[in-house]
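Each residue of the sequence shown is one higher than the one before, counting from 1 in UniProt numbering. The beta-carbon is built from N, C-alpha and C at its ideal position, and this holds for glycine as well.
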Amino acid sequence: MDLGRKPLARFPSGDWVISEQPIAQEDLRHAISKVGEFSDDNRSGIDRSLHRISAIRNRKMQIIGLTCRVGRAVGGSAEIIRDLVEDGGSILVIGPPGVGKTTLIREIARMLADEFRKRVVIVDTSNEIGGDGDVPHAGIGRARRTQVPNVNMQHGVMIEAIENHMPETIIIDEIGTELEALAASTIAQRGVQLVGTAHGMTIENIIKNPYLQILVGGIESVTLGETSDLTNNDITSSEIESSKDDKDHPRTWSTNWSTSVPVMTRSSRMQVYTYKILEADLLQVAKVMGLEDVIDVTDDIGTAEAILASSSEIRQNPWIRGVAKFHHVPVFVIKSNTMAQVVKAVRMILGLEFFGPTPKKALNECLDIEIEDDEPKRKPSLEEIDALEEVRLAIEYIVIPGGEPVELLPRRSEIIARQLELVQSYQLAAEKSGSDQNPRLQILPLRLNTKKPSKSTIGRKKTSPTSMSTGDSGNGISVTKASYFS
């Protein structure tokens, strides 16, 4: 209903003119008198119904148009994703306005509260999920609904719902601002199932949205040095020779794959060139392991004694292998840029962990050392995945950055054993706490004491590290009471 225009009814098939008489100011006032007060986002509704009325205002803040939307709870609309809802994972519904996102999450809220008997709290900013008024619509079932006084307070109410009402699931409609996206990310990291909606056509739209990209991981701009120019050009002999001439640091890795100086007694730091891996991650891991005086990062690949890169980037940029082969520098390849993988890479670079079985190829044929994950013997359960993710978040967001201990949720003994293995892969200490009925693990900001390698353990036989996988060495490991963060 727009002032001075004919009223229209809009359907998927097209618009239909309701009356030939243009809308007058009296018509708008009559319609406004039948609904509640309009909020800061110019939305209102009809008490105990799902119908929504939105206003269009002029510069004087007078209402000159109304959009009346018919809302209804459609039972069974979420049946197609019942398995996803039951698994307990967070769900983000993406779509343009008017396709039924709110209807879908309303049914998801009812399904979780009534059928799966979960504690569900709806953060209903515009009262579209539970309807207008203090008593929510029956379409949300047993789910509880919190209203938001001001649209700018949605992110605060989201966090408040977690802290005050102990929900197992949070339902949010229309995540649209950066603060709301950050709040949603915080909720997901606290172990609460999150179901929300966002405007967009594809996942690419969310990734490229500067405010919402955090919901799906986001993107990061990286500034590369001049060595990245080689990615778009073939490597010439002069370019390689130039790098060779600039290299005045003695090589630690020789062609027979041995070293005469133990890593821990080096007079200078080992220089590592990282490709598409954040230097800060490597330096933080070195600091946590107490090796910040042993290893360092260099921007000059010509002076590097080892190269650390991800497997995906190595496949896309073969020039790295060419430069490494010319200088006889080993390339350590990690499958994923996780802290556990970087820890394992540092141990292998410094000779604290063996590469695995003796390779068959000569060293000058291949210089790739693949650092693999310790694959489980069976497919982990959802509970195991959740428990291990809890460990990862606790270590990477609290223990290492803040130096504070974290007590995890109670788990079964076999799950705690898996958690302990993951904690040890980060070179951290842990202890069991709680009762026999509710055992739990506490991660401590203490590092595992690794015995310094002798010459016999550091020296390597003449091998070619090609496609090597590693396992946990487990040698010389004990817990020390000296804190990482001194």
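- When DSSP reads this structure, W16 sits in a beta bridge with A9.
- Using a Cβ-Cβ distance cut-off of 8 angstroms, the region 195-205 and the region 138-155 are not in contact, since fewer than three pairs of beta carbons, one from each stretch, lie closer than that value.
- When only Cα atoms are considered, P405 and A394 end up about 9 angstroms apart.
- Assignment of A430 by DSSP, reduced to helix, strand and coil, places it in the strand class.
- With contacts defined as CB atoms closer than 8 angstroms, P136 and R145 qualify as a contacting pair.
- R440 is bridged by DSSP to S433.
- If you compare the alpha carbons of D173, P97, I398 and S268 with that of G130, the shortest gap goes to D173.
- Under the Cβ criterion (8 angstroms, minimum of three pairs), the region 30-39 does not count as touching the region 90-107.
- Rounded to the nearest angstrom, the gap between the Cα atoms of L441 and E389 is 14 angstroms.
- A78 and I108 have their C-alpha atoms roughly 6 angstroms apart.
- One thing to note: I277 has its Cβ no nearer than 8 angstroms to the Cβ of N205.
- Around the beta-carbon of F332, 16 or more other beta-carbon atoms lie within 10 Å, marking it buried.
- D300 carries a coil assignment under DSSP once its states are collapsed to helix, strand and coil.
- Under the Cβ criterion (8 angstroms, minimum of three pairs), the region 113-128 counts as touching the region 41-58.
- Between the alpha carbons of V391 and V423 lies a gap of roughly 7 angstroms.
- Considering only G65, D41 and I56, the residue with the shortest C-alpha distance to A24 is G65.
- When DSSP states are grouped into helix, strand and coil, R117 belongs to the coil group.
- Secondary structure of D47 (DSSP, three-state): strand.
- In the pairwise beta carbon analysis, the region 295-304 is classified as touching the region 267-274: at least three pairs are separated by under 8 angstroms.
- Taking C-beta atoms under 8 angstroms as the contact rule, L215 and A183 fail to qualify, at a distance of about 11 angstroms.
- Within the DSSP secondary-structure output, E407 pairs in a beta bridge with Q442.
- Ranked by Cα distance from M61, the first of A73, G45, D40 and K287 is D40.
- With 16 or more neighbouring CB atoms inside 10 Å of its own CB, D124 falls in the buried class.
- Per DSSP, M289 lies in no beta strand (DSSP E) and is assigned neither H nor E.
- Sequence-distant partners of I46 (beyond 5 residues in either direction) whose C-beta falls short of 7 angstroms from its own C-beta, in its chain, are V35 and D132.
- The secondary-structure analysis by DSSP pairs Q193 across a beta bridge with T169.
- Here DSSP, grouped into helix, strand and coil, assigns L278 to coil.
- Distances from the alpha-carbon of A55 to those of P410, L3, S381 and I207 put L3 closest.
- Going by C-alpha positions, M111 is about 12 angstroms away from V74.
- Contact annotation: K101 and T169 have beta-carbon atoms that are not nearer than 8 angstroms.
- For S312, the secondary structure class from DSSP, reduced to helix, strand or coil, is helix.
- Assignment of L66 by DSSP, reduced to helix, strand and coil, places it in the strand class.
- Separation of I314 and E163 (C-alpha to C-alpha, rounded to the nearest whole angstrom) is 45 angstroms.
- For the set G322, A306, P439 and M1, the Cα lying nearest the Cα of D27 is the one of M1.
- In the displayed model, S336 falls within coil according to three-state DSSP, outside both helix and strand.
- Taking C-beta atoms under 8 angstroms as the contact rule, P22 and R5 qualify, at a distance of about 6 angstroms.
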